[in-house]
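Engineer: Numbering (my numbering), first residue to last: -18 to 477. Here a beta-carbon is modelled for each residue, glycine too, at the ideal position from N, C-alpha and C. The structure presented is a predicted model; accordingly, all values stated were derived computationally and were not measured.
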Ligand SMILES: *Cc1c(COP(=O)(O)O)cnc(C)c1O
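1) Let me check one thing: in DSSP terms, what residues is residue 299 bridge-paired to?
2) Could you give the DSSP three-state label for residue 19: helix, strand or coil?
3) What residues are listed by DSSP as bridge partners for residue 252?
4) Can you list, in chain order, the residues of its chain with a C-beta nearer than 7 Å to that of residue 306? Leave out the 5 residues immediately preceding and following it.
5) Please list the terminal residues of the continuous beta strand (DSSP E) segment that includes residue 51.
6) For residue 447 and residue 320, what's the separation of their Cα atoms in angstroms?
7) How long is the line joining the alpha carbons of residue 473 and residue 462, rounded to whole angstroms?
8) Once the 5 residues before and after residue 140 are set aside, which same chain residues still bring their CB inside 6 Å of it?
9) In its own chain, which residues sit with a C-beta less than 8 Å from the C-beta of residue 425, not counting the 5 before and 5 after it?
10) Given this structure, state the Cα-to-Cα distance separating residue 335 from residue 113, to the nearest angstrom.
11) Is the beta carbon of residue 285 within less than 7 Å of some heavy atom of ligand 1?
12) When every heavy atom of ligand 1 is checked, does at least one fall within less than 7 Å of the C-beta of residue 168?
13) Would you call the CB atoms of residue 340 and residue 351 closer than 8 Å?
14) What does a CB cutoff of less than 6 Å around residue 145 pick up in its chain, not counting 5 residues either side in sequence?
15) Compute the Euclidean distance between the alpha carbons of residue 516 and residue 46, then round it to the nearest angstrom.
16) Taking DSSP as the reference, what is the three-state secondary structure of residue -6?
17) Whose C-beta lies closer than 8 Å to the C-beta of residue 324 among residues of the same chain, with five residues either side of it excluded?
18) Taking the C-alpha atoms as reference points, what is the distance between residue 422 and residue 413?
19) Rounded to the nearest angstrom, how far is the Cβ of residue 445 from that of residue 362, given a contact under 8 Å?
20) With a threshold of 7 Å on Cβ separation, who are the neighbours of residue 166 within its own chain once the five nearest residues in sequence on each side are excluded?
21) Spatial neighbours of residue 468 within its chain, please: C-beta separation below 7 Å, excluding the five flanking residues on both sides.
22) Given the structure, does residue 137 come close to ligand 1, in the sense that its CB is under 7 Å from one of the ligand's heavy atoms?
23) Give the DSSP-derived three-state secondary structure of residue 200 in the structure shown.
24) At a cut-off of 7 Å, would you count residue 265 as near ligand 1, judging by its Cβ distance to the nearest heavy atom?
25) Using the DSSP secondary-structure output, state which residues sit across from residue 384 in a beta bridge.
26) If we call anything under 8 Å between Cβ atoms a contact, is residue 288 one with residue 127?
27) According to DSSP, is residue 443 part of a helix, a strand, or is it coil?
28) Taking all protein chains shown into account, do 16 or more other C-beta atoms lie within 10 angstroms of the C-beta of residue 168, making it buried, or fewer, making it exposed?
29) Indicate whether residue 440 and residue 373 have their beta-carbon atoms separated by less than 8 Å.
30) Just mark residue 7 as buried or exposed, buried being the case when its beta carbon has 16 or more other beta carbons within 10 Å.
31) Would you tell me roughly how many angstroms separate the C-alpha atoms of residue 154 and residue 328, rounded to the nearest one?
32) From 434, 388, 356, pick the residue whose C-alpha is nearest to that of residue 367; which is it?
33) Between residue 174 and ligand 1, is there a pair consisting of the residue's CB and a ligand heavy atom that are separated by less than 7 Å?
34) Check whether the Cβ atoms of residue 229 and residue 259 lie closer than 8 Å to each other.
35) Enumerate in chain order the residues of its own chain whose CB-to-CB distance from residue 286 is below 7 Å, with the five nearest sequence positions on each side excluded.
36) Please report the Cβ distance between residue 225 and residue 249, rounded to the nearest whole angstrom; I am assuming they are in contact, meaning their Cβ atoms lie under 8 Å.
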């Protein structure tokens, strides 16, 4: 050691002045409450001025500055320009609106600071308890296992990887997919979420191993066509391995016939994975739970708590019926991670059920939300979203210049403005223009999609702040922008 090393002051990231930190933190909480409680009074979204955008292009900070100054940048340049999904009129793609208790929980989780890779601490018990609660909400039996992950895409990967390893015919923890006696085939409807293609890529099976089964007029997988494909693939020498059923498709909110598909999987000896990222939680909604009857028969299930439970991002969950198969797929031994009979390592490693090592304390927000409100309220909120979607569907049906584009089954509504006499391409341009003008004016956020080759607007009501009056406003504004009287006006702004 040199003399200089000996005298170098030791540093920490803790505040130099805790009293100052306390007062700034209190201000942040006050500002946060104002921000959330007044969200309805603000535009849902606004374009960032170039000067604001420019502030995010600065160089790596070298010199320190006061945290109050950093926070001032946040209030000026970040908080006014959110995506908008906490706003009551955000219905774009499919998200949740978050909630204040969940936000507090994320803060407290970081303060507790535990690494949920596993260990003998209270946070690990909370993680376990939350996955047990989710298992119970979904009607999965004891002896099934669950793991919290960052979202639905990862939850699907966990389920599909377990399915692949269970069906491979070789030990894929030791061997490559080339060693499988037969190539595996997975099946899903043509409405399946794109994350499954990523998963097939990751699992070394390739997109071509995912057979897209046609959907019927109600956008549900056709079980007859599924059966034919399974038979044909067997005859061809491939191994039908897994059916991915979707409980609430991203495009239209349709739900595959889970009971029929579960019967077929049982008959044919296939793994049933349900992508329930949107709809699995309908199982707790008293008025609509029959829509997902049979979901409890899945071998694995992916669901999203930042959607249906409206937890702040990010948190999803994978459940696997047979906990041994689940653990066998992911547990690896490491000399530096040995379980002890006493102390901090005297507990099961929670990362033995997923691809992570370090894991954040996502469980706390779910734990606090469920304790505060009770599970029944979340079920009612899901029913409320579906009832609002039906309400919007009724408004659309009354307007001759609006056209419903898919049956409304859950909380997704597909429709378009169609003032009459326009070609498909012009209708598409008109509806895209309506969608963009609604966003740019800060009125509402809807997305678009294509169903059965028709472009349309898509309203996904996974938002506990939405009121029916918000949907009235949406219809009024769509009519103003795209209705018969406004056609020429909107028409002049159409892209060439
Ligand atoms: C949202 C969604 C996903 C992906 O979930 P993330 O949480 O966004 O990763 C997968 N499948 C379906 C049906 C979805 O709606």
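Structural biologist: Quick look at the numbers:
1) 128, 283
2) coil
3) 223
4) 143, 147
5) Looking at the DSSP string, residue 51 is not in any beta strand (DSSP E); the run it does join, the alpha helix (DSSP H), is 48 to 54.
6) 48 Å
7) Confidence in residue 473 is poor, its pLDDT being 41 and thus under 50, which makes the residue's placement too unreliable to answer from.
8) 254, 281, 283, 299
9) 25, 70, 71, 72, 419, 451, 454, 455, 458
10) 16 Å
11) yes
12) no
13) no
14) Correct list, in chain order: 184.
15) Since the first residue shown for the chain is -18 and the last is 477, residue 516 is missing from the structure and cannot be characterised.
16) coil
17) Excluding sequence neighbours, residue 324 sits near 101.
18) 14 Å
19) 5 Å
20) 190, 192, 214, 219, 220, 221, 222
21) Residue placement at residue 468 is flagged as unreliable, the pLDDT there being 45, under the threshold of 50; a coordinate-derived value is accordingly withheld.
22) yes
23) Here residue 200 sits in coil by DSSP.
24) no
25) 397
26) no
27) In the structure shown, residue 443 sits in coil (DSSP, three-state: anything other than H, G, I, E or B).
28) buried
29) A distance below 8 Å separates the beta carbons of residue 440 and residue 373.
30) exposed
31) 24 Å
32) Looking at 434, 388, 356, the one whose alpha-carbon comes closest to that of residue 367 is 388.
33) yes
34) yes
35) 292, 296, 297, 298, 347
36) With 8 Å as the limit, residue 225 and residue 249 do not qualify as a contact, their Cβ atoms being about 14 Å apart.
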